[in-house]
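Novice: Below: one structure in structure tokens.
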Amino acid sequence: MPLIPKTDGGSIHWTLLREKIIEILIYISGFSAIIFVFSIFAFIFKEASGFVFSHETDWSFFFFNAAWQPLPEESATYGAFSMIIGTISVTLVAMLIAVPFGLGLAVLVSEFCSPKIKETLKIVIELLAAIPSVVWGFVGLKLMNYVLVNFFGAQVGSNLFNGGIVLALMSLPIIVSIAEDAFKAVPDSYREAAEALGATKWQVVYKVLFPAAKNGLLAAVLLGVGRAVGETMAVLMCTGHNLNNPFSSEFPFLNIFDPIRTLTASIAAELGEAPRGSEHWQALFALGLLLFAIIFVINLTADLVVRGIKQEES
Amino acid sequence: MFQETPLIQKKNRQQTIARTIFMIMAVLAIIPLITIFIYLFYKGSPALSWEFVSEFPRRRMTEGGIFPAILGTFYMVALSLIIATPIGVLAAVYLNEYAGNNWFTRIVNLAVVNLAGVPSIVHALFGLGTFVMFMNGPCLLAASLTLAIMTLPVIIASTKQALEAVPMSFREASWNLGASKWQTIRTLVLPNSFSGILTGIILQVSRAAGETAPIMFTGALYFRKQLPDSIFDQSMALSMHLYTVATQGSQIPEKIQFGTAIVLLGLVLIINAASISLRVYFRSRKKW
Amino acid sequence: MQKTIEIENLSVNYGKHNAIDDISLFACKGEILGVIGPANSGKTTFLKCINRTIDFTSTSKVNGTVKVGGENVREMTSVHDLRRRIGMVFPLPVGLPLTIYDNVAYAPRMAGVRDKDELDELVETCLKQSALWDEVKDRLDSLGTKLSGGQQQRLTIARALSHRPEILCLDEFSIAVDPVTTMRIEDVLVELKKEITIVLVTNLVQQARRLSDRVAFMNQSKLVEFDEVDTIFGENPKEKLTFDYVRGYFG
Chain P
1 MPLIPKTDGG
11 SIHWTLLREK
21 IIEILIYISG
31 FSAIIFVFSI
41 FAFIFKEASG
51 FVFSHETDWS
61 FFFFNAAWQP
71 LPEESATYGA
81 FSMIIGTISV
91 TLVAMLIAVP
101 FGLGLAVLVS
111 EFCSPKIKET
121 LKIVIELLAA
131 IPSVVWGFVG
141 LKLMNYVLVN
151 FFGAQVGSNL
161 FNGGIVLALM
171 SLPIIVSIAE
181 DAFKAVPDSY
191 REAAEALGAT
201 KWQVVYKVLF
211 PAAKNGLLAA
221 VLLGVGRAVG
231 ETMAVLMCTG
241 HNLNNPFSSE
251 FPFLNIFDPI
261 RTLTASIAAE
271 LGEAPRGSEH
281 WQALFALGLL
291 LFAIIFVINL
301 TADLVVRGIK
311 QEES
Chain L
1001 MFQETPLIQK
1011 KNRQQTIART
1021 IFMIMAVLAI
1031 IPLITIFIYL
1041 FYKGSPALSW
1051 EFVSEFPRRR
1061 MTEGGIFPAI
1071 LGTFYMVALS
1081 LIIATPIGVL
1091 AAVYLNEYAG
1101 NNWFTRIVNL
1111 AVVNLAGVPS
1121 IVHALFGLGT
1131 FVMFMNGPCL
1141 LAASLTLAIM
1151 TLPVIIASTK
1161 QALEAVPMSF
1171 REASWNLGAS
1181 KWQTIRTLVL
1191 PNSFSGILTG
1201 IILQVSRAAG
1211 ETAPIMFTGA
1221 LYFRKQLPDS
1231 IFDQSMALSM
1241 HLYTVATQGS
1251 QIPEKIQFGT
1261 AIVLLGLVLI
1271 INAASISLRV
1281 YFRSRKKW
Chain U
2001 MQKTIEIENL
2011 SVNYGKHNAI
2021 DDISLFACKG
2031 EILGVIGPAN
2041 SGKTTFLKCI
2051 NRTIDFTSTS
2061 KVNGTVKVGG
2071 ENVREMTSVH
2081 DLRRRIGMVF
2091 PLPVGLPLTI
2101 YDNVAYAPRM
2111 AGVRDKDELD
2121 ELVETCLKQS
2131 ALWDEVKDRL
2141 DSLGTKLSGG
2151 QQQRLTIARA
2161 LSHRPEILCL
2171 DEFSIAVDPV
2181 TTMRIEDVLV
2191 ELKKEITIVL
2201 VTNLVQQARR
2211 LSDRVAFMNQ
2221 SKLVEFDEVD
2231 TIFGENPKEK
2241 LTFDYVRGYF
2251 G
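Residue numbers (our numbering), protein chains in the order written: chain P, 1 to 314; chain L, 1001 to 1288; chain U, 2001 to 2251.
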């Protein structure tokens, strides 16, 4: 029996060398995500550092004062309070709409409907996720604006509610898909056991599935929040872009038809006008740093929550 | 048959109610979607013509077409994918085939998740602070690099999913036959996850085409008479164009605004639909 | 008698679990070594040590020496060369998602064989040796994964033979195969052992009796007895445990 002829030494050498090079490339690419996250932080921090380390920067003013007046330069004040409130309020409105709808859709998709409807719904949700944020902004600006003014009696059509609805539709897909994954991760034996004991499908959902999938659902909501906080173009175009605090001490505590202004939209709107390296420019990068930090915390929490599930399983 | 007790009747009622509520929710979520599409097409269809997509804008964008914007978007997306795809695919290969189950892998995974969550405007800040700076001003390449970093984590995630779908037993069989790790990846793992990787990347084409914030300050501009000569030129882009015509200057006719919106939305949805049908097609001829 | 596999004081731990506890045995060219024993007695781990696929289990810890062809496998520079000298067949057949032809030609190609005629000849010989040729010769370009279970197992054997191994290891190959195919493969093994060493791990005691020249009986990670087939299955094996096991009193 002839043994396989060994390829001559030279070509083996080349093959091995080529493999080593490719594997080194694979390792470098593997680390690239770390490098990028780190350099995003580093470069934004670098640009913002003039503002961050300046003796004139009063942090309590930055966080708790509403006066964001980059012009005139001599008497500029940078208080981000309104924008932080704006981001919080629009995220809140969006989540109040998107969370019940998202979880409901996820339950429907994973538990209640036939495979055919399920496929269709999933494709619709996927297409929903594909619509670019600038198109959402356009819809808010043209269609929602009109509807809110003419049918809801809003003074201005571009407002908190407009942005909230658009953001809700935008964060719906991610909430549905993560929540559906969470339901899918619940072992079928749980459902079968509950149904064997005489529970209806609805009872299975709220007595078995919700408790069993609660971590995954929490992660779904967190990622939805992250999406809403970070969204830029849509909120820039349909929230009215006005420094304002929509919360009030009187009922209903939130004026949903007030125009607002968010962190992301402020950066997008003003970055073009701020001269490179100016105090205004640095203050905008400081806003970016704040956004980065918020998103980092949200993602970290979501990751820990998801990891919690995995550890419980194993 | 069994007699239905009042309790069972109550339970069945509950179930029907729950089902109905969920169905209504689904319909409520889908109706606005359909309304939006119909509304956009109704308003924008008068503008749609071959001239609209093949001509330059005229008279301060109040007339003519949007050809340079379409071409600019094409350049940016193509360039960004050329940059992001190899890195993304190799990174996914690292995570799925090489990385051990240790703290370092956890950090890499966490970095991917975080990179995916970074807001688009923060990517814009990063692009402005790095690429635009190194290239002495905004340009196509800077915008594409910014887009590439943005699409990278999603390419990693979708590729990783495709690699995970290849059964472990194939790899073990290959190793037992004396194939090295990379040989196994090249001859078995990658060819068998190719369809999944491809559909993931096509999906990214549509995502990148719709992005506005990251290119706004790094390479896209409102209006330019000529097409870009090189990757160091600035260019118009479709998403940026939509933002501009929708918000700046009220004298731009509505049909141009809606026409631009439809072209962008149509483009994105067609690419998406292509990705979905490709996925269905590949699934139907699975090899194992 | 040429010893192709020599194992001295081999122990393997998976974390705290002791999978193999201090075993020593050997296998010779021209013979079939049968390894029998109840489930979880360390038989599969033993095979993984021979071609060092045990390395892929990160928690494993190996002590002792395994020599293939007189060479310590731990000291070999190219683990791929080692694996090319050993054919492996596992309980569940794995047809690679390639054509039947490519399945068999996979290992030679990975080893650098490019010549078409040589590959054609190799594929034909291997498929004939594994008694699959007649069934598939007209559809060599259809997918290996679409074959039936028994055919896939024979395809796996053809593949394991494709790099002309000095040693062929089979791990309970008949689990997923019908009795008729099992008999055919057994005939193939008897034919093959003239030229190479075969290690046959099986939980079918009678199969070991039919085919083996030497038998190793493992129980609870330990080697209970290692001797010629007639002694193990005879009236007077050294250990009472062996006697009980081969007669089906336990296990």
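Beta carbons: idealized from backbone N, C-alpha and C, even for Gly.
On the DSSP letters alone, give me the boundaries of the alpha helix (DSSP H) that LEU1265 (chain L) sits inside.
Specialist: Reading the second sequence from its first residue, position 265 is the one you call residue 1265 (chain L). Start and end: 1254-1284.
Novice: Given THR1218 (chain L), which residues of its chain have a CB within under 7 Å of its CB, disregarding the five upstream and five downstream residues?
Specialist: Counting from 1 along the second sequence, the entry for residue 1218 (chain L) is found at position 218. The answer, listed in chain order, is ALA1124, GLY1127, LEU1128, PHE1131, VAL1132, PRO1138, ALA1142, ALA1143 and THR1146.
Novice: Under a CB-based cut-off of 8 Å, is GLY1178 (chain L) close to chain U?
Specialist: One-based indexing of the second sequence puts residue 1178 (chain L) at position 178. For GLY1178 (chain L), the answer is yes, since a Cβ of chain U falls inside 8 Å of its Cβ.
Novice: Would you list the residues sitting across from VAL1289 (chain L) in a DSSP beta bridge?
Specialist: Any answer about residue 1289 (chain L) is impossible in this case: the structure gives chain L only from 1001 up to 1288.
Novice: Taking Cβ-Cβ distances below 7 Å as the criterion, which residues of the stretch 268-297 of chain P are in contact with chain L?
Specialist: ALA268, LEU271, GLY272, PHE285, GLY288, LEU291, PHE292, ILE295 and PHE296
Novice: Tell me, to the nearest whole angstrom, how far the beta carbon of ASN150 (chain P) is from that of THR239 (chain P); I am working on the premise that it is less than 8 Å.
Specialist: Reading the first sequence from its first residue, position 150 is the one you call residue 150 (chain P). Reading the first sequence from its first residue, position 239 is the one you call residue 239 (chain P). Not quite, the Cβ-Cβ distance comes to about 19 Å (not below 8 Å), so this is no contact.
Novice: Which of the three DSSP states, helix, strand or coil, is assigned to GLY1100 (chain L)?
Specialist: As a working mapping, residue 1100 (chain L) is identified with position 100 in the second sequence. Three-state DSSP puts GLY1100 (chain L) in coil, outside helix and strand.
Novice: So which of U:LEU2168, U:MET2218, U:GLU2172 and U:VAL2229 has the shortest CA-CA distance to ARG2085 (chain U)?
Specialist: Counting from one through the third sequence, the residue named residue 2085 (chain U) turns up at place 85. Comparing Cα-Cα distances from ARG2085 (chain U) to each of U:LEU2168, U:MET2218, U:GLU2172 and U:VAL2229, the minimum goes to U:LEU2168.
Novice: Could you confirm whether any beta carbon from chain P is found closer than 8 Å to the beta carbon of ARG1279 (chain L)?
Specialist: Counting from one through the second sequence, the residue named residue 1279 (chain L) turns up at place 279. Not one chain P Cβ lies under 8 Å of ARG1279 (chain L).
Novice: Closest to THR57 (chain P) by CA distance: which of P:LYS20, P:ASP303, P:ALA269 and P:ALA286 is it?
Specialist: Sequence index remark: in the first sequence, residue 57 (chain P) carries index 57 (1-based). The shortest Cα separation from THR57 (chain P) among P:LYS20, P:ASP303, P:ALA269 and P:ALA286 belongs to P:ALA286.
Novice: In whole angstroms, what is the alpha-carbon distance linking PRO5 (chain P) and ASP2022 (chain U)?
Specialist: The residue labelled residue 5 (chain P) in the question sits at position 5 within the first sequence. The residue labelled residue 2022 (chain U) in the question sits at position 22 within the third sequence. Residue confidence is low: PRO5 (chain P) scores 41 on pLDDT, short of 50, so the model does not pin down where it sits. No coordinate-derived value is stated.
Novice: So what does CYS2028 (chain U) bridge to, in DSSP terms?
Specialist: Counted from its first residue, the third sequence places residue 2028 (chain U) at position 28. Answer by DSSP bridge pairing, in chain order: U:LYS2003.
Novice: HIS2163 (chain U) versus chain L: which residues are under 8 Å apart at the beta carbon?
Specialist: Here residue 2163 (chain U) corresponds to residue number 163 of the third sequence, with the count starting at 1. The answer, in chain order, is LEU1177 and GLY1178.
Novice: In three-state terms, what does DSSP make of PRO2179 (chain U)?
Specialist: The residue given as residue 2179 (chain U) occupies position 179 in the third sequence. If DSSP states are grouped into helix, strand and coil, PRO2179 (chain U) belongs with the helices.
Novice: What are the boundary residues of the beta strand (DSSP E) that GLU2124 (chain U) is part of?
Specialist: Looking up residue 2124 (chain U) in the third sequence gives position 124. First-last for GLU2124 (chain U): 2116-2129, but that is the alpha helix (DSSP H), not the beta strand (DSSP E).
Novice: Measure the alpha-carbon distance for ALA154 (chain P) versus SER1054 (chain L) and round it to whole angstroms.
Specialist: By one-based count along the first sequence, residue 154 (chain P) stands at place 154. By one-based count along the second sequence, residue 1054 (chain L) stands at place 54. Our two residues, ALA154 (chain P) and SER1054 (chain L), have alpha carbons roughly 40 Å apart in a direct line.
Novice: What residue ranges within the stretch 225-312 of chain P form continuous alpha helix (DSSP H) runs of no fewer than 4 residues, ordered along the chain?
Specialist: Listed in chain order, the complete alpha helix (DSSP H) runs (minimum 4 residues) inside the stretch 225-312 of chain P are 233-238 and 263-270.
Novice: Looking only at its own chain, which residues have a Cβ that is under 6 Å from the Cβ of GLU2121 (chain U), when we skip the five neighbours before and after it?
Specialist: Counting from 1 along the third sequence, the entry for residue 2121 (chain U) is found at position 121. If we look at GLU2121 (chain U) and ignore the five residues flanking it on each side, it has no Cβ neighbours.
Novice: Starting from ALA1209 (chain L), follow the alpha helix (DSSP H) in both directions and report where the run begins and ends.
Specialist: Taking the second sequence and counting its residues from 1, the one referred to as residue 1209 (chain L) is at position 209. 1190-1210 is the span of the alpha helix (DSSP H), which, as asked, contains ALA1209 (chain L).
Novice: Pull up the distance between the alpha-carbon of ALA2131 (chain U) and that of ASN215 (chain P), whole angstroms please.
Specialist: In the third sequence, counting from the first residue as 1, residue 2131 (chain U) sits at position 131. In the first sequence, counting from the first residue as 1, residue 215 (chain P) sits at position 215. Going from the Cα of ALA2131 (chain U) to the Cα of ASN215 (chain P) covers about 54 Å.
Novice: Only counting the same chain, and skipping five residues up and downstream in sequence, which positions put a Cβ closer than 7 Å to that of GLY2030 (chain U)?
Specialist: What you label residue 2030 (chain U) is simply residue 30 of the third sequence in a count that begins at 1. So the qualifying residues of the chain are LYS2193 and LYS2194.
Novice: Does DSSP put SER1235 (chain L) in a helix, in a strand, or in coil?
Specialist: Position 235 of the second sequence, counted from the first residue, corresponds to residue 1235 (chain L). In the structure shown, SER1235 (chain L) sits in a strand (DSSP, three-state: E or B).
Novice: Run through the DSSP bridge pairs and tell me what HIS2080 (chain U) is partnered with.
Specialist: Counting from 1 along the third sequence, the entry for residue 2080 (chain U) is found at position 80. Beta-bridge pairing links HIS2080 (chain U) to no other residue.
Novice: Give, in chain order, every unbroken run of the beta strand (DSSP E) that is at least 3 residues long and sits entirely within the stretch 2055-2100 of chain U.
Specialist: 2060-2068 and 2086-2089
Novice: Select from L:LEU1221, L:ILE1262 and L:ARG1283 the residue whose C-alpha is nearest the C-alpha of LYS1043 (chain L).
Specialist: On the second sequence, position 43 is the one that residue 1043 (chain L) refers to. The shortest C-alpha separation from LYS1043 (chain L) is found at L:ILE1262.
Novice: Using a Cβ-Cβ cutoff of 7 Å, what residues of the stretch 2102-2136 of chain U are near chain L? List them in chain order.
Specialist: Identification of residues in the stretch 2102-2136 of chain U having a C-beta nearer than 7 Å to some C-beta of chain L yields TYR2106, ALA2107, MET2110 and ALA2111, given in sequence order.
Novice: Can a CB atom of chain U be found closer than 8 Å to the CB of ALA1157 (chain L)?
Specialist: In the second sequence, counting from the first residue as 1, residue 1157 (chain L) sits at position 157. It does not: the Cβ of ALA1157 (chain L) has no partner Cβ on chain U nearer than 8 Å.
Novice: Got a sec, what are the start and stop residues for the alpha helix (DSSP H) THR2156 (chain U) sits in?
Specialist: The residue labelled residue 2156 (chain U) in the question sits at position 156 within the third sequence. Element bounds for THR2156 (chain U): 2149-2161.
Novice: I'd like to know if SER2142 (chain U) contacts chain L, where contact means its C-beta is closer than 8 Å to some C-beta of that chain.
Specialist: Within the third sequence, the letter at position 142 stands for residue 2142 (chain U). It does not: the Cβ of SER2142 (chain U) has no partner Cβ on chain L nearer than 8 Å.
Novice: With 8 Å set as the bound, which would you pick, yes or no: does the beta-carbon of ASN1192 (chain L) sit closer than that to a beta-carbon of chain U?
Specialist: Sequence index remark: in the second sequence, residue 1192 (chain L) carries index 192 (1-based). ASN1192 (chain L) counts as touching chain U.
Novice: Going by DSSP, what residue range makes up the beta strand (DSSP E) through ASP2138 (chain U)?
Specialist: Counting from one through the third sequence, the residue named residue 2138 (chain U) turns up at place 138. No beta strand (DSSP E) contains ASP2138 (chain U), which DSSP labels as neither H nor E.
Novice: In whole angstroms, what separates the C-alpha of CYS2028 (chain U) from that of ARG2209 (chain U)?
Specialist: For the purposes of this step, residue 2028 (chain U) is taken as residue 28 along the third sequence, with counting starting at 1. For the purposes of this step, residue 2209 (chain U) is taken as residue 209 along the third sequence, with counting starting at 1. Cα-Cα distance, rounded: 17 Å.
Novice: Pick helix, strand or coil for PHE2217 (chain U), following the three-state DSSP scheme.
Specialist: One-based indexing of the third sequence puts residue 2217 (chain U) at position 217. The answer is strand: DSSP assigns PHE2217 (chain U) an E or B state.
Novice: Could you check where the alpha helix (DSSP H) with LYS2043 (chain U) kicks off and where it finishes?
Specialist: For this step, residue 2043 (chain U) is matched to residue 43 along the third sequence. Note, LYS2043 (chain U): alpha helix (DSSP H), 2043-2050.
Novice: Would you please state the rounded distance, in angstroms, between the beta carbons of ALA318 (chain P) and LEU289 (chain P)? I believe it to be under 8 Å.
Specialist: This structure does not reach residue 318 (chain P), given that chain P is present from 1 up to 314, and the question cannot be answered.
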